[in-house]
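Enquirer: Have a look at this one before I ask anything.
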Amino acid sequence: MSVNLAIGLLMRPQETWGKIRDKDQGVGGVLLGHTAVLGLIPPVCAYYGTTQVGWTIGYSDPVRLTSDSALPISIIYYLVIIVSIYTLGRVIHWMNVTYGTDRPLRQCIALAAYPATPLLLVGVVQIYPVLWLNYLIGLPALAYSIFLLYSGTEFLMGLPRERAFLMASAILAVCLIALVGVLAATVTLWGFGLGPGFLI
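Here it is, written out as structure tokens:
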């Protein structure tokens, strides 16, 4: 069912938001049925891309990570995806009252999970870890995810358009702050020697 909803969000977002709103699934259903499945795409593709394909700097030979260092990074990458979506759902649930709605936690987590679908799907491009290609494909996916967030807030939260716009903007701000936090944590871990190992 997760694949059908993912395709629906890409092709018919308004109709699919209605199906998501009316679907009777718990928090576990959203996390395990959608996020856990699609969340595998970026880490698995990144693992393959960084260990088997590699990337070039100038005219040098491809730079690749060792499997021993790429595996824990990929596992942490996957866990960060799951935990981030769950945490964002909890934050949305906490924000409910401020914006005049009282939706259950499962719908708040759905609002965190389903707009991320385009970003999770384009994670497949990490098989070929070239920066310009990842940006070229990733930026339109990011823009569409933001569109889904704004349209989904109105549908799932049952808010008037103006209030939904304000709530979606607040959610987007939380996402940007979380991204900075994840980047800071990554730099800190690398500083403690938990960075990647390169094949020579």
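In the working numbering, the protein residues as written are 44 to 243. All C-beta atoms, glycine included, are put in the ideal place defined by N, C-alpha and C.
Excluding the 5 residues flanking Leu74 on each side, which residues of the same chain have their C-beta closer than 8 angstroms to its C-beta?
Expert: Correct list, in chain order: Ile125, Ile128, Tyr129, Ile152, Ala156.
Enquirer: In the DSSP assignment, the alpha helix (DSSP H) including Gln95 goes from what residue to what residue?
Expert: Looking at the DSSP string, Gln95 is not in any alpha helix (DSSP H), and its letter there is neither H nor E.
Enquirer: Counting Cβ pairs, one atom from each stretch, are 3 or more of them under 8 angstroms apart for the region 203-212 and the region 185-193?
Expert: The region 203-212 vs the region 185-193: in contact.
Enquirer: Which ranges would you report for the alpha helix (DSSP H) in the region 94-149 if only whole runs of at least 4 residues count?
Expert: Taking only runs of at least 4 residues, the alpha helix (DSSP H) segments lying wholly in the region 94-149 are 110-138.
Enquirer: Starting from Arg55, trace the alpha helix (DSSP H) in both directions and tell me its first and last residue.
Expert: It is not in any alpha helix (DSSP H) - Arg55 carries neither H nor E in the DSSP assignment.
Enquirer: Using a beta-carbon distance below 8 angstroms, is Ile170 in contact with chain D?
Expert: The chain inventory of the structure shown lacks chain D, comprising one protein chain alone.
Enquirer: For Val245 and Ala186, I'd like the C-alpha separation in whole angstroms.
Expert: Residue coverage of the chain in this structure runs from 44 to 243, which leaves residue 245 outside it and unanswerable.
Enquirer: Which of helix, strand or coil does DSSP assign to Phe235?
Expert: Of the three classes helix, strand and coil, the one that applies to Phe235 here is coil, per DSSP.
Enquirer: Just the C-alpha distance for Tyr91 and Val140, rounded to the nearest angstrom, thanks.
Expert: Computed Cα separation, rounded: 44 angstroms.
Enquirer: Would you mind reading off the limits of the alpha helix (DSSP H) that contains Tyr171?
Expert: Run containing Tyr171: none; DSSP gives neither H nor E here.
Enquirer: Kindly indicate the opening and closing residues of the alpha helix (DSSP H) around Leu242.
Expert: Unbroken run through Leu242: none, as it is neither H nor E.
Enquirer: Is the region 166-182 in contact with the region 76-92, if contact means three or more CB pairs nearer than 8 angstroms?
Expert: The region 166-182, when compared against the region 76-92, does touch it at the 8 angstroms Cβ threshold.
Enquirer: The alpha helix (DSSP H) with Pro203 in it runs from where to where?
Expert: Here Pro203 belongs to no alpha helix (DSSP H), and DSSP marks it neither H nor E.
Enquirer: Please name the residue, chosen from Gln57, Leu53, Gly51, Leu48, that lies closest to Glu197 on a Cα-to-Cα basis.
Expert: Ranking the options by Cα distance to Glu197, first place goes to Gln57.
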